[in-house]
Each structure stands twice: as C-alpha cells, then as structure tokens.
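Have a look at the structure below, then the notes.
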Amino acid sequence: MVDAVFLALSVLTIGSAIVALEIRSLIYGSIALMITLSGIAGFFLLLDAPFVAMFQLSVYVGSVAVLILFTVMLVRRELIFNKIEDKRRRYAGIGLMLALMLGIGMIIIGSGMKSMETNSPSVDYKQIGQDFLTYYSPALIVMALVLAASVVGALTLARREDITNDQRVN
Amino acid sequence: MTNGLIDFVLVSVALLAIGIYGMAVKRNAIRMLFGVEMIINSANLNLVAFARFIPNSQGQTLALFSIAIAAAEVAVGLALVIVAYRMYKNIDIEDFRSLKG
C-alpha cells in the first residue's frame with residue numbers, strides 16, 4: 591500500500607506535468623516543470639537516495655529550469671502566449687497517451703512486480719562515491735569532457751553573429 | 098518501506114506517457130523540450146526505484162550520470178532553439194523547414 595506522502599507527491603508531479611504542457615503561458619509552464627522536477631526529487635528522497643535527490647534539485651531545479659526560463663524570456667512576447675496546434679493531432683496525441691498509460695500499466699500490473707517489497711536497508715551513499723572514484727572513474731572523466739564540450743558547443747552556437755537565412759521561402 | 102516497486106514504476110509510466118504526448122502534439126520547440134525532460138526524469142525514477150529494491154548502488158550512480166548528460170542535452174537544445182529563433186523569428190517547429198529540400 592502507498593502512504594499519503596507518496597500519493598501527494600504523485601498528484602503534484604503528474605498534475606504539474608500536465609499543467610506544464612497545457613498552460614497558455616510558457617513562463618508558467620516552465621515554473622510548473624520546475625515543480626515536476628522537484629516532485630521527482632521528492633520521490634528520490636522516498637527511495638532513500640538523498641544524494642541523487644540533492645543532485646536532481648541542484649542540477650534540474652537550480653540550473654536547467656532557470657536556463658529554460660531565461661530562454662523563454664529571450665523569445666518575443668506574443669510567441670510565449672501563442673498556442674497553435676492541430677485539433678486532430680491533439681486528439682490523436684491524447685489517445686496515444688492513454689493507450690500507452692493503459693497498455694504499459696496493464697503489463698506492469700499483470701507482471702510479478704506487484705509482490706516486490708523490500709525490507710533490506712538502503713544503500714549507503716558512501717558507496718556511490720566509491721563507485722565513482724574506482725570502477726566508474728573513466729566514465730566520470732568522459733562525462734566531464736562531454737559536459738565541457740556541450741557547454742562550449744552551446745556557447746558557440748548561441749553567440750554566432752553570422753547566421754543568415756538564405757533559404758527562406760515564405 | 099511501505100511503497101512497493103510497482104507504485105514508483107506506475108508513476109514513471111504516467112510521466113513517460115505525458116512526455117510522449119507533449120513531444121507528439123506540441124509545435125512549440127520549448128514545449129517539446131519540456132516533454133524530453135519529463136521522459137528523461139521518468140527514466141531516472143525507474144533507475145533509482147529498481148536500484149532501491151534490488152538493492153545495489155549502481156543504479157544511483159547511473160542515475161547521476163544520466164542527470165549530468167541530460168543537463169548537457171538541455172544546454173545544447175536551448176542553444177539550438179535560440180539559433181532557430183534568430184533565423185526564423187519564430188519557435189514554431191512547422192516553420193523550421195530549410196532542411197525540407
């Protein structure tokens with residue numbers, strides 16, 4: 591059985607995910623996305639993974655959501671509130687969403703995962719640090735290089751002055 | 098622990114379905130990035146949940162890697178959105194059609 595904290599967290603997470611996609615203003619949408627990401631951090635806390643939860647808070651809520659918010663503010667004002675979408679495609683998308691939820695949900699409920707409970711103590715987060723510095727240290731170095739490369743790439747892309755659009759047809 | 102594994106997995110499935118809905122329906126480039134974020138977060142939730150119930154620590158390690166890579170992805174994606182906005186003066190993906198031939 592689930593407890594009240596879990597229920598409240600899941601309602602908050604999924605509700606604000608829907609709000610983030612459906613609300614008219616992109617600014618409120620990115621704030622709702624921030625709430626979704628914080629809800630996921632709450633799930634990590636429930637799963638006894640405080641280190642991952644803090645990482646999620648600092649990386650997602652602290653930097654990614656703020657980055658999205660600033661990008662939204664760079665865009666022209668009427669585009670933020672502009673919501674263009676196909677009615678037919680929207681209904682098809684809702685159908686796809688419900689089919690995925692019901693399909694995968696039924697498969698999971700029917701599987702043997704239902705009886706899976708644990709009483710074992712949670713993993714000590716010192717173990718994660720040991721993993722990072724011993725077995726996964728090459729991967730950590732590669733990840734650092736990937737992060738540096740992506741930041742340099744993003745900066746060069748966003749700061750280019752010579753971007754012109756020659757193929758514009760209109 | 099009172100919550101079973103299946104509860105977390107079901108929340109993750111719901112978030113995945115909402116993210117796929119956002120990517121399929123929305124034409125706004127930034128809203129599509131929201132969908133990508135939701136899908137990545139549902140994957141992370143799955144990783145940590147299974148790691149808690151096995152239990153081992155490598156799921157959490159992998160989730161940390163995944164979060165870092167997702168941050169890099171968002172940085173590049175938003176830079177692409179800004180470049181496309183400067184070229185087309187719009188963030189509607191139906192207008193980004195110079196690759197259409």
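One line per chain: the protein sequences are A and B, in this order. The working numbering numbers the first residue of the first sequence as 591 and each following residue consecutively. The working numbering numbers the first residue of the second sequence as 98 and each following residue consecutively. Here a beta-carbon is modelled for each residue, glycine too, at the ideal position from N, C-alpha and C.
When we look at the beta-carbon of B/R128 and count the other beta-carbons within 10 Å, is it buried (16 or more) or exposed? To locate residue 128 of chain B, count along the second sequence from 1; it is residue 31. Label assigned to B/R128: buried.
Within-8 Å CB hit, B/F150 to chain A: As a first step, residue 150 of chain B is located in the second sequence; it is residue number 53 there, counting from the start. Output row for B/F150: interface = yes.
Hey, does A/A748 have any beta-carbon neighbour from chain B nearer than 8 Å? One-based indexing of the first sequence puts residue 748 of chain A at position 158. True, the Cβ-Cβ gap to chain B drops below 8 Å.
When the distance is taken between beta carbons, is A/A748 closer than 8 Å to B/V106? In the second sequence, the residue the question calls residue 106 of chain B occupies position 9. In the first sequence, the residue the question calls residue 748 of chain A occupies position 158. The answer is no: Cβ separation not under 8 Å.
Can the beta-carbon of B/A126 be found closer than 8 Å to that of B/V178? Along the second sequence, one-based indexing puts residue 126 of chain B at 29. Along the second sequence, one-based indexing puts residue 178 of chain B at 81. The Cβ atoms of B/A126 and B/V178 sit closer than 8 Å to each other.
A/A729 beta carbon less than 8 Å from that of B/V173: Here residue 173 of chain B is taken as the residue at index 76 of the second sequence, counted from 1. Here residue 729 of chain A is taken as the residue at index 139 of the first sequence, counted from 1. No, these two residues do not count as a Cβ contact at 8 Å.
With DSSP run on the structure shown, which of helix, strand or coil describes B/D189? Start at 1 with the first residue of the second sequence, and residue 189 of chain B comes out as number 92. Note: B/D189 maps to strand in three-state DSSP.
Does the beta carbon of A/V609 sit closer than 8 Å to a beta carbon anywhere in chain B? What you label residue 609 of chain A is simply residue 19 of the first sequence in a count that begins at 1. Chain B has no Cβ within less than 8 Å of the Cβ of A/V609.
I need the DSSP call for A/N760, collapsed to helix, strand or coil. Position 170 of the first sequence, counted from the first residue, corresponds to residue 760 of chain A. Here A/N760 scores only 47 on pLDDT, less than 50, and its place in the model is too uncertain to base an answer on.
For A/E751 and A/M663, I'd like the C-alpha separation in whole angstroms. In the first sequence, the residue the question calls residue 751 of chain A occupies position 161. In the first sequence, the residue the question calls residue 663 of chain A occupies position 73. Their Cα atoms are separated by approximately 20 Å.
State the beta-bridge partners of B/N125 as determined by DSSP. Counting from one through the second sequence, the residue named residue 125 of chain B turns up at place 28. When DSSP reads this structure, B/N125 sits in a beta bridge with B/D189.
Assigned secondary structure, A/Y726 (DSSP; H/G/I helix, E/B strand, else coil): Translated into positions along the first sequence, residue 726 of chain A becomes position 136. In the structure shown, A/Y726 falls within a coil segment according to DSSP collapsed to helix, strand and coil.
With a threshold of 8 Å between beta-carbons, can B/I164 be considered close to chain A, or not? By 1-based counting over the second sequence, the position of residue 164 of chain B is 67. Yes, contact with chain A.
Exposed unless 16 or more other CB atoms sit within 10 angstroms - verdict on A/Y725: Within the first sequence, numbered from 1, the residue matching residue 725 of chain A stands at position 135. With fewer than 16 Cβ atoms within 10 Å of its Cβ, A/Y725 is classed as exposed.
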